[in-house]
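Number of protein chains: 2
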Amino acid sequence: MDDFAADPSHPRYQSLLLRHRLEEAEKKGMLAGSAMIAHGRGEAFDYLIGETTLPSAKAATVRALSALKSAQHPVLSLNGNVVALAGKEVLLLAEKLDCPVEINIFYRTPERMNALLHHLEAIKLAEHIDVEILGAEPNAKIPGLKGPRANCTKEGILDSDVIMVPLEDGDRCEALVNMGKTVIVIDLNPLSRSARMGTITIVDELTRVLANMIQWSGDDVELSQSEAYDNDAILAQALAHIAVKFSGQDN
Amino acid sequence: MDDFAADPSHPRYQSLLLRHRLEEAEKKGMLAGSAMIAHGRGEAFDYLIGETTLPSAKAATVRALSALKSAQHPVLSLNGNVVALAGKEVLLLAEKLDCPVEINIFYRTPERMNALLHHLEAIKLAEHIDVEILGAEPNAKIPGLKGPRANCTKEGILDSDVIMVPLEDGDRCEALVNMGKTVIVIDLNPLSRSARMGTITIVDELTRVLANMIQWSGDDVELSQSEAYDNDAILAQALAHIAVKFSGQDN
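Chains as they are written, first to last, in the working numbering: chain A, 21 to 271; chain B, 21 to 271.
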């Protein structure tokens, strides 16, 4: 699906590829006005992390994958940036997990919803991926949220027991936690409200997380569900990594 | 010049105002494609700093102001984001310093240059500011840079002894330092190459720096030029502040 022509050996290839995907998505009307700024914030935190999957992020990813695989009704919630940056990868993961995805955007307009749905349907067709895409016709509300932001589907987000919300805002994350769900957050800022609200928080870049999950989805990760998991400890490890970088011990 | 309608008592007012200015500038063709992402990176670092002027940034700002006031040929170099975010403030500072500004953009096209010039000229007219705006007709080159990025004016950047380059890229910053100039950098990332290359690096948000400089420009700051100044120590103080935040001692 990518018509990106840069040299894959370029040291900034992945970063340039993601920017290209956002620019293409913007032209198609898939993004909110704040999408580029949000991506830039993520880039800054990824720079601090070292643009790599930290051991603490790997542990959280394994735990998240285990929770998704053992769930009764797992769902992947997608916003504009997620569809733009990793539409194919989230569909591939959903197919492996045999779960639906649901488009759930903060600034909802019919035009944006149509653009996002069309983009995902085109990927499904081109890549022969069999996944149910929910969100076009909301028939339920997330308690505790106001206006169109509360909209969701009963068969997707409302009835889910485990939900992954990459790049989600703090309010919606909190509302989902308050519904008693296991909420998996992907957020490069370990201090963000979403990161602190999540049941399982993966402090890592979206496309790296999805690549890891797809790679590890066949493994017998369910076993790790019986082990203790401390999300605050995971966040503290990410913070400590960045603190070492800033204290100059790593430069 | 701002038609921004948000409530100034909103806790995110300044952040929303700056985003609004960028969005308006984008509509006018003033910005490069990467402008929004760069702004988002800055937002992330400002969040880490605490969205405040650190004591180390204040010390660097006073030193920078002193260097500009005692210079033979000071100049303020402006790129698209600087003009968009703080066009009025940078003109007001230049007027107080009695120095020219020079538009010097990385991705140079006639359309972008015209849009930026027009924006600044409109501010000059509306605010009755008397400042020379250079850059429309480059007649010199910055040694060590290739292509249109090397373009500058002899009477502005080339002959300057003290130059302020807010939000500048590392290559150009290095080239200016190699010319023997006193280079004042404004950069929210204390680890960036520009921050490390600068003669005087202010780790603070652009509009806060300009407001401080305008406020302090009448003070007798020249005296501080005789004192010792250690830019590495200033950067280390900014890093230490962020490291404390991440190590959890400040949360």
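Cβ atoms here follow ideal geometry from the backbone N, Cα and C, with glycine treated the same way. Because the structure is a prediction, the values reported are computed rather than measured.
Rounded to whole angstroms, what is the Cα-Cα separation between LEU178(A) and SER35(B)? 34 Å
From the DSSP secondary-structure annotation, give me the bridge partner or partners of MET184(A). LEU96(A), ILE204(A)
Residues of the stretch 36–66 of chain A in Cβ contact with chain B at a cutoff of 9 Å, in chain order, please. ARG39, LEU42, GLU43, GLY53, SER54, ALA55, MET56, ILE57, ALA58, HIS59, GLY60, ARG61, GLY62, GLU63, ALA64, PHE65
Mind the definition here: the stretch 185–199 of chain B touches the stretch 161–174 of chain B only if three or more C-beta pairs lie below 8 Å; say whether that holds. Yes: the two stretches touch, three or more of their Cβ pairs being nearer than 8 Å.
For chain A, check one thing: does any of its Cβ atoms lie closer than 7 Å to the Cβ of PHE266(B)? yes
Suppose you measure from the CA of LEU38(A) to the CA of GLY70(A); what does that come to, to the nearest Å? Cα to Cα, the separation comes out at about 17 Å.
Please go through the stretch 48–97 of chain B and give each complete alpha helix (DSSP H) segment of 4 or more residues, from N-terminal end onward. Runs of the alpha helix (DSSP H) inside the stretch 48–97 of chain B: 55–69, 75–89.
Name the one or two DSSP bridge partners that ILE262(A) has. None, per the DSSP bridge assignment.
Looking at the C-beta of ARG132(B), does it have a partner C-beta in chain C at a distance below 7 Å? Structure shown: chain C not included; protein chains present are A and B.
With a threshold of 7 Å on Cβ separation, who are the neighbours of SER54(B) within its own chain once the five nearest residues in sequence on each side are excluded? none
The stretch 25–33 of chain B touching the stretch 79–90 of chain A, judged by at least three CB pairs closer than 8 Å: No contact exists between the stretch 25–33 of chain B and the stretch 79–90 of chain A.
Secondary structure at CYS172(B), three-state DSSP: helix, strand or coil? Look at CYS172(B) here: in three-state DSSP terms it is strand.
Where does LEU211(B) sit, in a helix, a strand or coil, going by DSSP? Note: LEU211(B) maps to coil in three-state DSSP.
Listed by chain order, chain A residues near ALA260(B) by CB distance under 8 Å: PHE266, SER267
Rounded separation between GLY49(A) and GLU109(B) - CA only: 34 Å
Among ALA25(B), ARG228(B), VAL95(B), which residue has its Cα nearest to the Cα of ILE123(B)? VAL95(B)
ALA263(A): contacting residues in chain B (beta-carbon distance under 7 Å): Contact of ALA263(A) with chain B by beta-carbon distance below 7 Å involves ALA263, PHE266, SER267.
First through last residue of the alpha helix (DSSP H) which encompasses GLU157(B): Where GLU157(B) is concerned, there is no enclosing alpha helix (DSSP H), given that its DSSP letter is neither H nor E.
Same chain, Cβ closer than 7 Å to GLY107(A), neighbours up to 5 away in sequence not counted: HIS139, LEU140, ILE143
Distance check for ARG41(A) and ALA231(A), CA to CA, integer angstroms please. Going by C-alpha positions, ALA231(A) is about 17 Å away from ARG41(A).
Alpha carbons only, please: which of GLY176(B), ALA104(B), ASP27(B) is nearest the one belonging to THR227(B)? Of the candidates GLY176(B), ALA104(B), ASP27(B), the one whose C-alpha sits nearest the C-alpha of THR227(B) is ALA104(B).
Is it right to say ASN101(B) is buried, meaning 16 or more other beta carbons lie within 10 angstroms of its own, or is it exposed? buried
Since ILE123(A) sits in a beta bridge, which residues does DSSP pair it with? LEU98(A)
Restricting to Cα atoms, I'd like to know which of ALA64(A), HIS59(A), ALA79(A) is closest to ASP250(A). ALA79(A)
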